[in-house]
DNA sequence: ATGGCTGGTAGAACCAGA
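Residue numbers (the numbering used here): -12 to 251.
Next up, the structure:
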C-alpha cells in the first residue's frame, strides 16, 4: 500500500513574526511535513500551539535565540532525531528525522556566507565552504533513502538567477560555491528534485530581496532553496512545485515554500 | 539600482540576512 507524502521546505525568516501566514499556507496546501529554516526562536518559545491544532503534532525542533534555527513539523511520526553541527560552532542549522518507511529527512540551513567570496578576507565565506565540506563527508556515509532539503544559500545554474553574468561575483552564485555544491551533489549521488521537474533553462526562483520596490516587476530572484534525494527515491518522487504566490502575502518571508510529493 | 528592507533584541549611529 503506497502512501503519498507531501513535504514542504520554507525559510520563514522568523516563525513567530509569520505564524499567521504559516497557518494560511498549511490550511491551503496541507503538506504532511513542513521543514522550516530561520525560525529565529529558542526551543522553549517555539509557537507549538498552531501546529498542534492543525494536526502537526510531531515536532523536531533545533532553535536558538535570535538567529538561525530549524524545525520539522509533521502529521506523521518522526523518530531518530539528530542534530548535526556542520558548521562546528554550535549554530542551529540542521535537524534530521526518520520517517515511518525508514527514509530520512534532513532539514538544513546552510550559512549565507557574508559578502566577500574569499575565505581569507571573509571568515563567514570559509565557514560556508567548510559546512559544504562536512556535508560532503556525511554524504559518503549515507546508507538509507534520504531527502535533504532547506535553504542551501546557493543558486547553482545560470537559470537559477535573474542575471548570471551580474551575479558571478555575488555570494550565492560564485563559481567557487557552485563547484563545492556540485562536489556535494556528486558525493551523495544526489538528484536535484527542483530541476528534475522544472528543467533548466526554465526560470526557477525561490527568493527575492525585500529591497526591491516591486519584487514581481523587477523579478530579481534566485533559487536558494532546494530538495535533493538519493537514487533509491528517484522512482518515488512525483512532483515539485514552488509557491510563488506566498511572496505576495502581507509581511511575507523573502523565501517561498517548495513542495514535493512522494509515493512511499 | 546589491541595498532602497526586515526581524530580534536592546533600548543602537545594533547585527545579520543574501
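Cβ atoms here follow ideal geometry from the backbone N, Cα and C, with glycine treated the same way.
- With a threshold of 16 other CB atoms inside 10 Å of the CB of residue 13, please say whether the residue is buried or exposed. buried
- Task: Just tell me which of 196, 40, 100 has its CA closest to the CA of residue 112.
- Result: 100
- Compare the beta carbon distance of residue 44 and residue 68 with 8 angstroms and say whether it is the shorter of the two. Not in contact: residue 44 and residue 68 (Cβ atoms no closer than 8 angstroms).
- Limits of the beta strand (DSSP E) - the one that residue 214 falls within: 212 to 216
- Task: Find the nearest neighbour of residue 191 within the set 197, 145, 168, 215, judged by alpha-carbon distance.
- Result: 145
- Tell me, which residues are paired with residue 46 by DSSP? In DSSP, residue 46 forms a bridge with 60.
- Going straight from the alpha carbon of residue 130 to that of residue 224, what length do you get? 19 angstroms
- Task: State the start and end residues of the unbroken beta strand (DSSP E) segment that holds residue 227.
- Result: 224 to 229
- Under the assumption that residue 61 contacts residue 214 (Cβ atoms under 8 angstroms), give the Cβ distance between them as a whole number of angstroms. 16 angstroms between Cβ atoms; not a contact.
- Item | For residue 108 and residue 141, believed in contact at Cβ under 8 angstroms, the rounded distance | The Cβ separation is near 19 angstroms, so there is no contact.
- Item | At least 3 beta-carbon pairs within less than 8 angstroms: the region 165 to 175 vs the region 189 to 205 | No, the region 165 to 175 does not touch the region 189 to 205.
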